[in-house]
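Q:
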Amino acid sequence: MESDEAVSGFPHPDEEKQVMAAWDRFLRGAELPSSAVRSVIERSWSRCLSAGVDPGRSRAHAPVQVEELETLQHPHRDLIDASVPVMQQARDFLSESGTMMILTDPTGVILETEGDPATLDAAQDVRLVG
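With the working numbering as the guide, the letters of the sequence shown map in order to residues 1126 to 1255.
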């Protein structure tokens, strides 16, 4: 992988075929060449497979209803309240950055988000957030 991948987090367009070939090999249970993808990506793929994540699914399950989210947020109200100034301050930095900030509980339940509006919309489209 080229050095610009480490900066952007995405493969160079010329290497996308290599990544997709590695993905296909991974799904078939074949061993990946060490240079196929970054180790952090391979570990992520392995964790997802171990957790039973369906690799063919293009969207997450439907987000929880407002009442259920409030129930999940309640035990973490101090954390959420403490995050408000940081999240608000980050809003300007994240705007038009193509990124988002996610506050989760210890189990990974998303409690709050902030970020680039287009990125937040994309996160909603794939049901990452409600």
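A virtual CB, placed ideally from N, CA and C, is assigned to each residue, including glycine.
The structure displayed is predicted, hence computed values, not measured ones.
LEU1152: buried (16+ other C-beta within 10 angstroms of its C-beta) or exposed?
A: Classification for LEU1152: exposed.
Q: Classify GLU1195 as buried or exposed, calling it buried when 16 or more other Cβ atoms lie within 10 Å of its own Cβ.
A: By the neighbour-count rule (16 or more Cβ atoms within 10 Å), GLU1195 is not buried but exposed.
Q: Could you tell me which residues DSSP pairs with GLY1181 in its beta bridges?
A: Paired residues: none, contrary to the question.
Q: Pair every Cβ in the segment 1191-1207 with every Cβ in the segment 1229-1247, then say whether three or more of these pairs are closer than 8 angstroms.
A: Yes: the two stretches touch, three or more of their Cβ pairs being nearer than 8 angstroms.
Q: Using 8 angstroms as the cut-off, can you tell me whether the segment 1213-1222 makes contact with the segment 1239-1253, which would need three or more C-beta pairs spanning the two stretches below that distance?
A: Contact holds: three or more Cβ-Cβ distances are below 8 angstroms.
Q: In three-state DSSP terms, what is THR1259?
A: Look at the range of the chain in this structure, 1126 to 1255, and you will see that residue 1259 is not part of it.
Q: Would you give the residue range spanned by the beta strand (DSSP E) that THR1229 belongs to?
A: 1225-1229 is the extent of the beta strand (DSSP E) around THR1229.
Q: Using a Cβ-Cβ cutoff of less than 7 angstroms, which residues in the same chain neighbour THR1229 once the five nearest sequence positions on both sides are dropped?
A: Cβ neighbours of THR1229 beyond the five flanking positions: ILE1235, LEU1236.
Q: As a quick exercise: from VAL1209, ALA1185, LEU1204, VAL1162, pick the residue whose alpha carbon is nearest that of GLN1143.
A: Comparing Cα-Cα distances from GLN1143 to each of VAL1209, ALA1185, LEU1204, VAL1162, the minimum goes to VAL1162.
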